[in-house]
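Anchor point for the sequence shown: position 246 equals 246 in the numbering used here, and the numbering is continuous, going up by one each time.
Think of the CB as a built atom: it goes at the ideal place given N, C-alpha and C, for glycine as much as any other residue.
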Amino acid sequence: MTQTTSAHHQGGTAPPAARFDAVVRAAVGQGVLGEGGPVAGFIDTEGVRASVGALHDAFAATPEVLHTFAAKACSLVPVLRLLADCGMGCEVASPGELRLAVEAGFAASRVVLDSPAKTREEIRLALALGVAVNADSLDELRRIDALRTPGTASVLGLRVNPQVGGGSIGPMSTATDTSKFGVALRDPGAREAIVEAFRERPWLTRLHTHVGSQGCPLELIADGVARTYELAEEINATLGVRQVTSLDIGGGLPVNFADETVRPSYADYVAALTAAAPGLFSGRYSLVTEFGRSLLAKNGFIGARVEYTKDAGGRRIALTHAGAQTATRTVLMPDAWPLRIGAFGPDGTPKTGPSLAQDIAGPCCFAGDVVAYGRELPELAEDDVVVLYDTGAYYFSTPWAYNSLPRPAVYGFRAVAGPEDGAGHDGPVTFATVRDAQSLDDIAAESGLAHADALIQRDD
């Protein structure tokens, strides 16, 4: 099953290649993208709402489910608040993400803390707030034993690694035999130790798994969830009581970066889970999901001005302000994280004309800072604009501070649909600031300016 992502066009679907054309034109025309702001991230607020709606629709027949958003996929408070307003919960994996979730307004009962290396202070805080905690190891359970008080409202679970194998991107595969996450379910003695851990802790009521992410096929993800479901059944049968009452089945739905269509869809995901674990949706267990990339990737893009073009060794290179500092994964692993590129003129209208193979390079001071190699695009020139599509998750929300390049501004937008006029324009586009661009003063302060003399002070 596939679907397009142009949900903000009411009453019809825009041509996929033109989904954000009016937004780019408006960003240039309104000065959001230009000399003073040569790179920026953009979030389609109506597209986000539509993606959340598709998720809820896919699980509509499930008796009890909490959908949480993986905060790491877009750790920006206004975006998190938008998702909370859409009825989402929040999955966090650090004290910083927990703080952002609190600031965004998520109720504690709708927040889940996952992390493979929680400190005692992190656990204390989570238990005090009443957010759910998934222990990542048996040792962490023993730490919780010492910190937990009987009156805590936190739902407590244990993450298991079903060891079902990896996908096409090794670093994104979390259910390999040697993954750092969870208790390795198929290791000798592990299954028995897990059952015993639940026997010793009547307050331990949840199992958690998260199988892979980008590059992992649905069948692999579903297999991991099915094995976790089977473990829950085994624990309850062995203990003779329905102690495990909920399953956190993680997220990890991959994103199609090849074109505009959404595949697999959330409906495809539910169908795969139903086939692998028919009892999962029976209501015996309440469910928690933790989607991130699949909700946001296609609802955002990066726009960047072309500062210069040059030829080197017979290759045309367009130098832009969007490189490894914002498209880190694509630059460091280009085969695993390829991005579609759009070419626009200085006025923000799509470029036309003969195609030319061009590299799209970034501003970082190392040779590999290239986001696309040999792409056939209309010939780019100084002051043109390039767009990196499908970058609404991870890319501009978690920038890399290489070369002390400033973090880009991020804007949410709404494209109001309307009849096209003679110039081919849709209705107006409005922008709202999500994050201001980082200033040079911010960079200096972050780099220790307040302690500038700390290493040269001498004893009198």
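Bridge partner(s) assigned by DSSP for residue i
i, result
"G41", "I302 and V410"
"T433", "Y411"
"P378", "S355"
"F344", "P350 and V385"
"S246", "R206 and S286"
"V370", "A361"
"R159", "H208"
"L127", "Beta-bridge pairing links L127 to no other residue."
"T68", "G89 and E290"
"G34", "G37"
"V28", "V28 is not bridged to any residue."
"V183", "V160"
Residue from the options with nearest C-alpha to residue i
i, options, result
"A372", "A393, L339 and Y389", "L339"
"G283", "R199, A61, F20 and D44", "A61"
"D335", "V131, A93, Q325 and F257", "F257"
"V387", "R305, V77, T352 and S355", "R305"
"T245", "I235, A26 and V416", "I235"
"V92", "G250, Q243, G448 and P63", "G250"
"D139", "V183, A108, M172 and L156", "V183"
"V39", "A450, D436, F198 and K72", "D436"
"G157", "I341, L127, M172 and F301", "L127"
"K72", "K180, E290 and T119", "E290"
"T176", "G53, S75, S213 and T330", "S213"
"S404", "A104, S447 and D114", "S447"
"P264", "L295, S109 and F344", "L295"
"A519", "Y402, L440 and P346", "Past the edges of the chain, shown from 1 to 460, lies residue 519, and the structure says nothing about it."
"V65", "I317, F344 and V270", "V270"
"G342", "R316, G303, V331 and C365", "G303"
"Q243", "F198, G224, V225 and E219", "F198"
"K118", "S94, A104, R110 and V28", "S94"
"A232", "L253, C216, P217 and L280", "L280"
"L356", "L218, R315 and M333", "R315"
"E121", "V370, P363, I144 and A367", "I144"
"N161", "D223, T238, G313 and G427", "D223"
"E35", "A107, V385 and G105", "V385"
"G368", "I317, G96 and T152", "I317"
"P217", "G189, A272, V288 and R191", "A272"
Whole-Å CB distance - residue i paired with residue j, under 8 Å assumed
i, j, result
"A18", "V429", "Wrong, their Cβ atoms sit about 13 Å apart, outside the cutoff."
"L207", "L247", "6 Å"
"E379", "G412", "Not really, about 32 Å apart at Cβ, beyond 8 Å."
"G292", "A393", "6 Å"
"V155", "T205", "6 Å"
"L129", "A135", "Actually they are not in contact, since the Cβ atoms of L129 and A135 sit about 16 Å apart, beyond 8 Å."
"I443", "P406", "6 Å"
"F181", "P116", "6 Å"
"C90", "V111", "5 Å"
"Y389", "Q325", "Contact flag wrong, Cβ pair sits at about 18 Å."
"A226", "A193", "About 21 Å; that fails the 8 Å criterion."
"V331", "K298", "That pair is no contact at about 20 Å."
"G486", "G29", "The question about residue 486 has no answer, for the chain in this structure spans 1 to 460."
"V211", "G252", "6 Å"
Straight-line gap, residue i to residue j (C-alpha atoms, nearest Å)
i, j, result
"Q163", "E376", "41 Å"
"G47", "R458", "58 Å"
"A361", "K310", "11 Å"
"G323", "T68", "30 Å"
"V416", "T398", "29 Å"
"M1", "V255", "Unreliable positioning characterises M1 in this predicted model, as indicated by a pLDDT of 44, which lies under 50. The coordinate reading is nonetheless provided below. Whole-angstrom Cα-Cα distance: 13 Å."
"L33", "M88", "31 Å"
"D268", "A275", "11 Å"
"R159", "T209", "5 Å"
"Y266", "A58", "6 Å"
"T178", "M172", "13 Å"
"I221", "K351", "41 Å"
"D441", "L80", "27 Å"
"S75", "A409", "14 Å"
"W400", "T328", "7 Å"
"L468", "T45", "Lying before the first or after the last residue shown, residue 468 is absent from the chain, which here runs from 1 to 460."
"G167", "A50", "28 Å"
"A26", "V434", "17 Å"
"D187", "V52", "37 Å"
"D453", "S439", "22 Å"
"S286", "E230", "15 Å"
"F396", "S137", "32 Å"
"G461", "A70", "Here the chain comprises residues numbered 1 to 460, so residue 461 is not present and cannot be evaluated."
"A450", "A107", "36 Å"
"G105", "E97", "13 Å"
"F301", "T391", "5 Å"
As an exercise, report each continuous alpha helix (DSSP H) stretch of at least 4 residues that is fully enclosed by the stretch 294-341, in chain order. You should have 328-332.
Which complete beta strand (DSSP E) runs does the stretch 130-155 hold, if anything under 3 residues is left out? For the stretch 130-155, whole beta strand (DSSP E) runs of length 3 or above, ordered along the chain, are 132-135.
At what residue ranges does the stretch 185-225 contain a whole run of the beta strand (DSSP E), taking only runs of 3 or more? Correct list: 204-208.
Taking only runs that begin and end inside the stretch 75-119, name each unbroken alpha helix (DSSP H) of 4 or more residues, in chain order. You should have 77-85 and 95-104.
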